[in-house]
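Student: Okay, here's the structure, questions in a sec.
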Amino acid sequence: MGFFSKIKNIFSKQEEVKKDIEIKNIEVTEEEKNEIEETELYVDGLSKSRDSFVSKLSLLGIKYTKISDEFYDELEEILITADIGVNTVMDFVDRLKDRVKKENITDFEYLKEVIVDELFMIYVGSDILSSKLNIKDGEINVMLFVGVNGVGKTTSIAKIANKLKNDGKKVMVVAGDTFRAGAVNQLKEWADRLNVTFYGDDRTDPSAVIYDGLLKAKEEKFDVVLVDTAGRLQNKVNLMKELEKMNKVINDLVGGCAETLLVIDATTGQNGISQAKSFKEITNITGIVLTKLDGTAKGGIVLAIKELVDIPVKFVGLGERETDLIPFDIEKYIYGLFKEL
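First residue of the sequence shown: 0, per numbering that gives the first Met the number 0; consecutive thereafter.
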């Protein structure tokens with residue numbers, strides 16, 4: 000049994016439990032309930048990608064009576080349309096051809112499972128990737144958020160702050176984006192709404208704001224400090240200098256960042272990959288926050304990010320609510336993307 004068959008069995012059983020909860024009113028633990036809700040978010044949030052991708056993949060089995068060069072050409076097109084990336088797709092199809100030849104695969108139903116298993120391997124490979132945030136007890140954990148304007152950075156900070164607060168952490172958000180008009184007020188409004196501590200003022204030097212915010216965090220023993228930054232990438236030299244100064248302040252006060260998270264809008268597709276490459280050149284990115292994944296039919300961008308920039312996706316946005324930005328889970332992602340295969 001392949002990987003996809005195994006996770007399909009696991010999550011199919013989970014759906015049966017959900018029905019039992021609704022029909023028979025059985026009781027489950029809070030953890031089990033959260034797992035079911037997260038899986039539903041992936042299934043619902045990836046519906047656009049699934050409708051586009053799986054339907055085309057299924058049609059290949061009807062269109063071609065045998066696995067031919069024409070079949071592989073069309074498969075390449077489908078995968079590229081899903082925004083997995085041209086080079087990634089070419090390597091993937093080469094690996095698939097080798098496996099089909101070695102195992103003498105002729106059954107298309109089995110081949111579909113092999114395709115999903117091989118796509119899973121793009122993300123996992125030989126690495127052990129963790130979507131968990133690097134948070135240590137008993138110290139201040141600073142998380143620096145970077146990304147261009149319009150990707151949902153400030154909203155993502157607020158949603159992650161809300162999650163951490165609900166997990167029992169003492170959370171502060173710091174308005175380090177002193178460049179964009181309204182950014183400070185936007186973050187403050189979110190902080191007030193979510194009842195987490197806000198630090199920011201009208202100074203134009205973000206490092207000075209961060210310095211004073213961290214002093215307050217140390218005095219009042221905060222667990223996590225989430226820092227917003229300006230969304231500029233046009234002038235890499237200036238941005239690099241600004242981030243270097245911020246990192247020096249953070250390093251001097253608390254020993255460095257626990258995480259530097261790059262926020263990318265999934266609907267921008269390959270442009271988001273370009274942003275990841277550019278930011279990786281100027282600072283140490285430890286994870287990706289992928290917003291608006293529910294708003295695109297190109298859900299394959301998750302695989303492209305891993306293959307092309309080798310940075311783990313830590314959170315994905317699958318809706319508008321505060322609870323719809325959730326930790327990335329490769330198994331739930333694969334299930335949500337290929338559930339109907």
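For each residue, glycine too, the CB sits at the ideal point set by N, CA and C.
Is it buried or exposed for R192, if we count other Cβ within 10 angstroms and need 16 for buried?
Tutor: Stepping through the sequence shown from its first residue, residue 192 is reached at position 193. Answer is exposed; the Cβ neighbour count stays below 16.
Student: Would you report the Cα separation of T267 and V288, rounded to the nearest angstrom?
Tutor: Within the sequence shown, the letter at position 268 stands for residue 267. Within the sequence shown, the letter at position 289 stands for residue 288. Each residue's alpha carbon lies about 14 angstroms from the other.
Student: Please report the straight-line C-alpha distance between K215 and D222, rounded to a whole angstrom.
Tutor: Residue mapping note: residue 215 aligns to position 216 of the sequence shown, counting from 1. Residue mapping note: residue 222 aligns to position 223 of the sequence shown, counting from 1. Taking the straight line from one Cα to the other gives about 12 angstroms.
Student: Going by DSSP in three states, L143 sits in which element: helix, strand or coil?
Tutor: What you label residue 143 is simply residue 144 of the sequence shown in a count that begins at 1. Three-state DSSP puts L143 in a strand.
Student: Indicate the three-state DSSP secondary structure (helix, strand or coil) for Y198 in the structure shown.
Tutor: Along the sequence shown, one-based indexing puts residue 198 at 199. Residue state, collapsed to three classes: strand.
Student: Considering only their Cβ atoms, is the gap separating I77 from V88 smaller than 7 angstroms?
Tutor: Stepping through the sequence shown from its first residue, residue 88 is reached at position 89. Stepping through the sequence shown from its first residue, residue 77 is reached at position 78. Their beta carbons are not under 7 angstroms apart, which means V88 does not touch I77 by this criterion.
Student: Identify, in the order they occur along the chain, each residue of the same chain with its Cβ nearer than 8 angstroms to the Cβ of I281, setting aside the five sequence neighbours on each side.
Tutor: For the purposes of this step, residue 281 is taken as residue 282 along the sequence shown, with counting starting at 1. So the qualifying residues of the chain are K235, L238, M239, L242.
Student: Between which two residues does the alpha helix (DSSP H) containing K279 stretch?
Tutor: Residue 279 sits at position 280 when you count from the first residue of the sequence shown. Its alpha helix (DSSP H) spans residues 269-281.
Student: Check for me: the beta strand (DSSP E) holding T290 runs from which residue to which?
Tutor: As a working note, residue 290 is residue 291 in the sequence shown. Looking at the DSSP string, the run of the beta strand (DSSP E) that includes T290 is 286-290.
Student: Cβ atoms of V262 and V150: under 7 angstroms apart, would you say?
Tutor: As a position in the sequence shown, residue 150 is number 151, starting the count at 1. As a position in the sequence shown, residue 262 is number 263, starting the count at 1. Yes; because the gap between Cβ atoms is below 7 angstroms, this pair is in contact.
Student: Following the continuous alpha helix (DSSP H) through T259, name the residue where it begins and the one where it ends.
Tutor: One-based indexing of the sequence shown puts residue 259 at position 260. Not the alpha helix (DSSP H): T259 falls in the beta strand (DSSP E), residues 258-264.
Student: Is it the case that the segment 170-186 contacts the segment 292-301, given that we only count it when at least three CB pairs across the two stretches are under 8 angstroms?
Tutor: Segments in contact, no.
Student: Where K313 and K276 are concerned, what is the direct C-alpha to C-alpha distance, given to the nearest angstrom?
Tutor: Position 314 of the sequence shown, counting from 1, holds the residue named residue 313. Position 277 of the sequence shown, counting from 1, holds the residue named residue 276. Their Cα atoms are separated by approximately 17 angstroms.
Student: By Cβ distance, which residues of its chain are closer than 8 angstroms to D204, with the 5 residues on each side in sequence left out?
Tutor: As a position in the sequence shown, residue 204 is number 205, starting the count at 1. So the qualifying residues of the chain are T177.
Student: So, are the CB atoms of G212 and V173 less than 7 angstroms apart?
Tutor: As a first step, residue 212 must be located in the sequence shown, where it is residue number 213. As a first step, residue 173 must be located in the sequence shown, where it is residue number 174. Yes, the Cβ-Cβ distance between G212 and V173 is below 7 angstroms.
Student: Can at least three beta-carbon pairs, one atom from the segment 98-114 and one from the segment 127-141, be found at a separation below 8 angstroms?
Tutor: No: fewer than three Cβ pairs fall under 8 angstroms.
Student: Going by C-alpha distance, which of Y41, S4, E37 is nearest G335?
Tutor: On the sequence shown, position 336 is the one that residue 335 refers to. Answer by Cα proximity: Y41.
Student: Let me confirm a value: S5 is counted as buried when at least 16 other C-beta atoms fall within 10 Å, else exposed. Which label applies?
Tutor: The sequence position of residue 5 within the sequence shown is 6, counting from 1. With the sequence shown as reference, residue 5 is identified as Lys, and Ser is not the correct amino acid for it. The residue in question, K5, is exposed, as its Cβ has fewer than 16 Cβ neighbours within 10 Å.
Student: With DSSP run on the structure shown, which of helix, strand or coil describes I6?
Tutor: The count along the sequence shown starts at 1 and reaches residue 6 at position 7. Three-state DSSP puts I6 in a helix.
Student: For the beta strand (DSSP E) containing F314, list its first residue and its last residue.
Tutor: For the purposes of this step, residue 314 is taken as the residue at position 315 of the sequence shown. Residues 312-316.
Student: Contact between the segment 313-330 and the segment 157-165: three or more CB pairs below 8 angstroms?
Tutor: They touch, by the three-pair rule.
Student: State the beta-bridge partners of I325 as determined by DSSP.
Tutor: Here residue 325 is taken as the residue at index 326 of the sequence shown, counted from 1. In DSSP, I325 forms a bridge with V315.
Student: Is the Cβ-Cβ distance between L307 and I272 less than 7 angstroms?
Tutor: Numbered from its first residue, the sequence shown carries residue 307 at position 308. Numbered from its first residue, the sequence shown carries residue 272 at position 273. For L307 and I272, yes; Cβs fall inside 7 angstroms.
Student: Report all residues from its chain with a CB closer than 8 angstroms to the CB of K187; omit the five preceding and five following residues, and keep chain order.
Tutor: Residue mapping note: residue 187 aligns to position 188 of the sequence shown, counting from 1. Taken in chain order, the residues that qualify are A174, F197, G199.
Student: Using the rule of at least 16 other Cβ atoms within 10 Å of the residue's Cβ for burial, across every protein chain shown, is V123 buried or exposed?
Tutor: Along the sequence shown, read from residue 1 onward, the residue named residue 123 stands at position 124. The residue is exposed, with fewer than 16 neighbouring Cβ atoms inside 10 Å.
Student: Where does the unbroken beta strand (DSSP E) through V367 begin, and where does it stop?
Tutor: The requested residue 367 is not part of the displayed model; the chain covers only 0 to 340.
Student: Assuming contact is defined by CB atoms lying nearer than 7 angstroms, are T285 and G316 in contact in what I supplied?
Tutor: Residue 285 sits at position 286 when you count from the first residue of the sequence shown. Residue 316 sits at position 317 when you count from the first residue of the sequence shown. No, Cβ-Cβ distance for T285 and G316 is not below 7 angstroms.
Student: Are the Cβ atoms of D166 and F3 separated by less than 7 angstroms?
Tutor: Position 167 of the sequence shown, counted from the first residue, corresponds to residue 166. Position 4 of the sequence shown, counted from the first residue, corresponds to residue 3. Against a cut-off of 7 angstroms, the Cβ pair of F3 and D166 comes out as no contact.
Student: Output the boundary residues of the alpha helix (DSSP H) element that contains V53.
Tutor: Translated into positions along the sequence shown, residue 53 becomes position 54. Looking at the DSSP string, the run of the alpha helix (DSSP H) that includes V53 is 46-62.
Student: So the candidates are D43, L163, S57, Q274; which of them puts its Cα closest to the Cα of K231?
Tutor: On the sequence shown, residue 231 is found 232 positions in, with the first residue counted as 1. The sequence given here places Arg at residue 231; Lys does not occur at that position. Closest option to R231, Cα to Cα, is Q274.
Student: Count the other C-beta atoms from every protein chain shown that fall within 10 angstroms of the C-beta of N184, then say buried if there are 16 or more, exposed otherwise.
Tutor: Position 185 of the sequence shown, counted from the start, is the residue given in the question as residue 184. Exposed: under 16 other Cβ atoms inside 10 Å.
Student: Can you look up V183 in the DSSP assignment and give me helix, strand or coil?
Tutor: Position 184 of the sequence shown, counted from the start, is the residue given in the question as residue 183. Note: V183 maps to helix in three-state DSSP.
Student: So is E258 buried or exposed if we call it buried at 16+ other beta carbons inside 10 Å?
Tutor: Here residue 258 refers to the residue found at position 259 of the sequence shown. Buried, by the Cβ-count rule.
Student: Just how far apart, CA to CA, sit D309 and K279?
Tutor: Your numbering for residue 309 matches position 310 in the sequence shown. Your numbering for residue 279 matches position 280 in the sequence shown. Answer to the nearest angstrom: the Cα atoms are 10 angstroms apart.
Student: By alpha-carbon positions, which one of K12, D97, V53 ends up nearest to E34?
Tutor: The residue given as residue 34 occupies position 35 in the sequence shown. Closest option to E34, Cα to Cα, is K12.
Student: Please report how far the alpha carbon of M142 lies from the alpha carbon of L58, in whole angstroms.
Tutor: For this step, residue 142 is matched to residue 143 along the sequence shown. For this step, residue 58 is matched to residue 59 along the sequence shown. Approximately 45 angstroms, taken between the alpha carbons.
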